[in-house]
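Following the numbering used here, the numbering of the sequence shown begins with -3 at its first residue and continues without gaps.
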Amino acid sequence: MHYLGKWSLLLAAGAMAASSQLSFAQDQTPPEDEEHAMDSIIVTSTRIRQGGVQDIKQFRSVSLDGSFLPKPDTLTVEGLLGEYDLSLPVLEGCAQTFCIAGHAMSANLPLRPEDKYFVGLGFGSNVDADALKQEPLTLVAVADRSGSMDGEPIERLRDGLLEVLARLRDEDRFGLVSFETTAKTELPVMEVGPNRARIAKAIRGLESAGSTNMEAGLKIGYDLALADKRQTGRKSRVMLLTDEHPNVGNTAPDGFMGMAVANSKQGVGLTTIGVGIHFDNALALEISSVRGGNLFYLASDGDARDLFRREFYNMVTEVAHDVAITMTPAEGYKVNAVFGVPNDLLTQAPDGAITVRIGSAFLSENAGGIFATLGRDSSREFLPEATVPDGKALLDVSIDYTDALSERPGSAKASVGMPGGTPPANLATAKMLVDEYLSLTKALTAYHEENNRDEAYRLIDGFSKRLAAAPDRRLDEERKMVRGLRQRAAYLAGLSSELPDEMRPLAVIGRWEVTSQRGLKDIARGDIVEITSDNELITYRKSGRQAGTEITQTFQVNENQFYIDYTDLVFQYRVRGDRLTMSTLGNELRLNLKKIEG
């Protein structure tokens, strides 16, 4: 890949994605000791919500910025569900770490006509959340201060760590590691109380420079946390703050996943905080698979304060380990999909039972659940739908787990009956969120991978109408986001000629010919510049020593400014008809282009 020197620009993109479609070979249960085949869930004193990805803040920020349509792999159903309290009614008098109850309703998911029933599993617990939060904590922060963190990312990282410091108690312990081209210990692990000023000074002193050697930083962080755990016996956790995409494919002992898995087995968990990170499905699934792993995102100013004030002691407090939830459908039915856990965590037993294996459970403010759809099994593909006799369950559920404090095993069982009466309001909201995930993912796939803009608009428009009828007022955030996506999809499909001011960045999409330039050495009159909705800037050189070469970069754009990644130049831009003008403040650098293809 060639890079364009001073002619360069930038646009942030999104987050993560995964629903779980079930199609597994019989008896394909992962080994009991395979930590890499597990997810994490989040628990409160009365509720449970699966962990791993906890929000879709990055997807939401891209969807609301008025520019391009996000890519399909930047949305996860786990994160979408995680932004809502989806607690379901559970049994009274729960006297153990987990109690379980289930509720069913008609599915009626337009994109999944094969699904007959939508089931939600709610969890209760007798865990004393306040007591758990009082346990002494050792936290080692591993901070990315590479060059890509310059500007807002490093400021957001510092703000986040200062909020963490404000949450830590005097008796807690804290260490700080930073990494760029090399990694170093900024602060050894120390008691917070007498060292608050010293810790705050070290945090404020973090500056960006160099490349990204994440593994080196994590190794130092894990070594510090593990040594302190052995010395003090207290719970220990590493918190990674970065704008980069960890190499989750590196499972070697000194690689990202190798260290995460190995240290989780020794009791040191990992919380990943994305600061401007380009999350994707691979990262979401892999972080979820590690025992004690969870993932959050700081999308904008103020997020750190909100997140850590609400969730700090929840995100670092594990309640249970090695959780296995088994769902056995009634005769004639099968579990078609499970929403809220990655699909590689599911197995199918010979009797048709589906088992979800989960690494760890955490405290959380947002309750939730595991959601599944049921349809007729293959033996009844051409037969009428099976009848469930009165008094029989549509779905039997059992759960096995290990209490995180006592290390004692526990279990619970429940039966989910056929739908009857009005379903719980949160179950209906969860189904709408699943519909949202399915609709947006399919629409964004149609746009980005199939170049079918009409289909993208049709899918978003159809869901927008269903969402408008949903009674839950909490979904106003979704309505706002989907409304913006619908406007963009209509414009991109040629169904709307009006471009609202907040959608001005869309006007730069296309192929442009350079008609003139001033002060730019790496581009000339007659060159072709292609600006794509995938955030790529491609320059086709037509003359000079670089004639015949293609130079590819990525960019960011807002309503007024256009940037090329990894440069310090800021271009103001203006689109009038088929003309695009870009210039720096003071007009020292200027580029004039004419559109040749929309």
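A virtual CB, placed ideally from N, CA and C, is assigned to each residue, including glycine.
In or out: residue i buried (at least 16 other Cβ within 10 Å) or exposed?
i: Asp35; result: Confidence in Asp35 is poor, its pLDDT being 35 and thus under 50, which makes the residue's placement too unreliable to answer from.
i: Gly365; result: buried
i: Gly298; result: exposed
i: Asp224; result: buried
i: Lys53; result: buried
i: Glu240; result: buried
i: Glu314; result: buried
i: Arg165; result: exposed
i: Arg484; result: buried
i: Phe55; result: buried
i: Leu379; result: exposed
i: Arg194; result: exposed
i: Gln513; result: buried
i: Arg242; result: As written in the sequence, residue 242 is Pro, which differs from the Arg given in the question. That one is buried.
i: Pro85; result: exposed
i: Leu581; result: exposed
i: Ala127; result: exposed
i: Ala465; result: exposed
i: Ala426; result: buried
i: Asp29; result: Any reading at Asp29 must be qualified, since the residue scores a pLDDT of 38, below 50, and its modelled position is unreliable; no value is offered.
i: Ala421; result: exposed
Can you tell me the Cα-Cα spacing of residue i and residue j, whole angstroms?
i: Gly522; j: Leu565; result: 23 Å
i: Leu613; j: Pro109; result: No information on residue 613 is available, as it lies outside the stretch -3 to 594 that the chain covers here.
i: Ala221; j: Pro419; result: 46 Å
i: Trp508; j: Asn447; result: 20 Å
i: Glu79; j: Thr70; result: 16 Å
i: Arg306; j: Leu495; result: 38 Å
i: Glu555; j: Leu502; result: 9 Å
i: Asp250; j: Glu176; result: 17 Å
i: Thr563; j: Arg301; result: 30 Å
i: Gln24; j: Leu391; result: With a pLDDT of only 34 at Gln24, under 50, the local geometry of the prediction cannot be trusted, and no value is derived from it.
i: Thr535; j: Leu516; result: 13 Å
i: Gly47; j: Gly506; result: The predicted model places Gly47 with a pLDDT of 49, which falls under 50 and marks its position as unreliable, so this point remains unresolved.
i: Leu202; j: Pro149; result: 12 Å
i: Ala125; j: Arg233; result: 18 Å
i: Phe304; j: Val510; result: 48 Å
i: Glu74; j: Gln227; result: 36 Å
i: Gly413; j: Asp61; result: 44 Å
i: Leu266; j: Val173; result: 14 Å
i: Leu107; j: Asp431; result: 8 Å
i: Glu593; j: Val136; result: 52 Å
i: Asn588; j: Ile519; result: 11 Å
i: Asp325; j: Ala382; result: According to the sequence as given, residue 325 is Pro; it is not Asp. For Pro325 and Ala382, the distance between alpha carbons rounds to 12 Å.
i: Val337; j: Tyr569; result: 43 Å
i: Ala21; j: Glu159; result: Its pLDDT being 31, under 50, Ala21 is placed unreliably by the model, and the measurement read from it follows with that caveat. About 47 Å.
i: Ala316; j: Pro405; result: 10 Å
i: Gly328; j: Lys112; result: 12 Å
i: Glu498; j: Asn310; result: 37 Å
i: Ala410; j: Ile96; result: 6 Å
i: Arg586; j: Met578; result: 6 Å
i: Val525; j: Ser435; result: 33 Å
Let me check one thing: in DSSP terms, what residues is residue i bridge-paired to?
i: Val140; result: Inspection of the sequence shows that residue 140 is occupied by Asp rather than by Val. Paired residues: Phe175.
i: Arg484; result: In the DSSP output, where bridge partners are listed per residue, Arg484 has none listed.
i: Met596; result: Outside the displayed span of the chain (-3 to 594) sits residue 596, for which this structure offers no information.
i: Val393; result: Met323 and Ala410
i: Asn588; result: Ser512 and Thr577
i: Ala368; result: Val115 and Val334
i: Phe170; result: Leu135 and Met186
i: Glu593; result: Arg507
i: Lys180; result: Ser174
i: Pro405; result: Thr398
At least one CB of chain D closer than 9 Å to the CB of residue i: is that the case?
i: Tyr562; result: In the structure shown, chain D cannot be found, because there is only a single protein chain.
- Message: Please give the ranges of any beta strand (DSSP E) in the region 503 to 572, keeping only runs that are unbroken, at least 3 residues long and fully inside the region.
- Response: 506 to 514, 524 to 527, 532 to 536, 546 to 553, 557 to 560 and 567 to 572
- Query: Enumerated in chain order, which unbroken segments of the beta strand (DSSP E) with a length of 3 residues or greater are wholly contained in the region 95 to 123?
  - Reply: 95 to 102 and 113 to 120
- Item | Segments of 4+ residues assigned as alpha helix (DSSP H) that fall wholly inside the region 286 to 351 | 299 to 311
- Message: If contact is defined by three or more beta carbon pairs under 8 Å, each pair taking one atom from either stretch, is the region 111 to 122 in contact with the region 93 to 100?
- Response: yes
- Query: On the three-pair Cβ rule with 8 Å, is the region 53 to 68 touching the region 428 to 446?
  - Reply: yes
- Query: Touching or not, the region 484 to 492 and the region 466 to 475, by the rule of three or more beta carbon pairs under 8 Å?
  - Reply: no
- Quick one: any contact between the region 143 to 154 and the region 374 to 391, if contact means 3 or more CB pairs under 8 Å? no
- Given 8 Å, three or more beta-carbon pairs between the region 346 to 361 and the region 445 to 464: no
- Message: List, from N- to C-terminal side, the alpha helix (DSSP H) runs of 4 residues or more that fit wholly inside the region 435 to 498.
- Response: 449 to 464 and 472 to 488
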